[in-house]
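S.K.: Heads up, the numbering used here is the position in the sequence shown plus 6, with the first residue counted as 1.
My structure is below; once you've seen it, I'll send some questions.
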Amino acid sequence: MADILILVGTESGNAQMVADLLEDELGDLGHDMEVRNEGDAAAVGFADRDVVLICCATHGDGELPDNIQPLADSLEEEKPDLGHIRYGVIALGDQTYHTTFCNGGKTMDRIFAERGARRIGERLEIDACTQPLPDEDALEWAKEWVTLL
Ligand SMILES: Cc1cc2nc3c(=O)[nH]c(=O)nc-3n(C[C@H](O)[C@H](O)[C@H](O)COP(=O)(O)O)c2cc1C
């Protein structure tokens, strides 16, 4: 069983809804879950973490939600070594923004990879246009993802 920190980037609540469901469902499977939707890298305390699940929407023109921007900025500025971190990415977006589809999740994926963290599995990209139930899609993906840890 894993100790999993879910980092949420959300503007209107979809990514938070996904994270809250995964907290409950993966918790029921025996994993130790924590959900965080604010704070920079120091507040998160990556030194004490092992597994991170990024659950991040996209807003503006391919931008990160405001609540996760301080975390992204601190990782890019302070450049901590995240070589001990294994992570997964659930990216929420909308295909009608075709040039910036799921850029928020893609940005967090890039930042973690640049800091030496190792992604487990493929990134899940959820399209709000064609996938009206993001939490159900995410749960199916996450149950498979935890078997890869
Ligand atoms: C103003 C606005 C801008 C958006 N821009 C993008 C975008 O550039 N790329 C994308 O893939 N999705 C974009 N989206 C879609 C959201 O990422 C998607 O609806 C997501 O499910 C919202 O999650 P949240 O409720 O957690 O914020 C945008 C949505 C809004 C309302």
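Note that beta-carbon positions come from the ideal geometry of N, C-alpha and C, so glycine has one too.
Remember, it's a predicted structure, so these values are computed and weren't measured experimentally.
Ligand 1 heavy atoms versus the CB of Thr105: any closer than 6 Å?
M.R.: Counting from 1 along the sequence shown, the entry for residue 105 is found at position 99. Not under cutoff, so the answer is no.
S.K.: Under the criterion of a Cβ to heavy atom distance below 6 Å, does Gly111 qualify as lining ligand 1?
M.R.: Start at 1 with the first residue of the sequence shown, and residue 111 comes out as number 105. Flag unset: Cβ of Gly111 not near ligand 1.
S.K.: Below 6 Å CB to CB, which residues in the same chain sit around Arg125 once its five sequence neighbours on both sides are set aside?
M.R.: Taking the sequence shown and counting its residues from 1, the one referred to as residue 125 is at position 119. Correct list, in chain order: Tyr93.
S.K.: Please report the residue range of the alpha helix (DSSP H) in which Glu120 lies.
M.R.: Walking along the sequence shown from the start, residue 120 turns up at place 114. Glu120 -> alpha helix (DSSP H) spans 109 to 120.
S.K.: Are Leu88 and Ala78 closer than 7 Å when you measure CB to CB?
M.R.: In the sequence shown, residue 88 corresponds to position 82, counting from 1. In the sequence shown, residue 78 corresponds to position 72, counting from 1. Cβ atoms of Leu88 and Ala78: not closer than 7 Å.
S.K.: Do you know offhand how far Pro76's Cα is from Glu44's?
M.R.: Counting from 1 along the sequence shown, the entry for residue 76 is found at position 70. Counting from 1 along the sequence shown, the entry for residue 44 is found at position 38. Approximately 8 Å between the Cα atoms of the pair.
S.K.: Taking C-alpha atoms, which residue in Ile60, Ile96, Thr136 lies nearest to Arg42?
M.R.: The sequence position of residue 42 within the sequence shown is 36, counting from 1. Considering only alpha carbons, the answer is Ile60.
S.K.: Is Leu98 near ligand 1, with its Cβ less than 6 Å from a heavy atom?
M.R.: As a working note, residue 98 is residue 92 in the sequence shown. Yes, ligand 1 has a heavy atom inside 6 Å of this Cβ.
S.K.: May I ask you to report which of helix, strand or coil DSSP gives Leu27?
M.R.: The residue you call residue 27 lines up with position 21 of the sequence shown. If DSSP states are grouped into helix, strand and coil, Leu27 belongs with the helices.
S.K.: Would you kindly work out how many angstroms separate the C-alpha atoms of Glu84 and Ala148, rounded to a whole number?
M.R.: As a first step, residue 84 must be located in the sequence shown, where it is residue number 78. As a first step, residue 148 must be located in the sequence shown, where it is residue number 142. Computed Cα separation, rounded: 30 Å.
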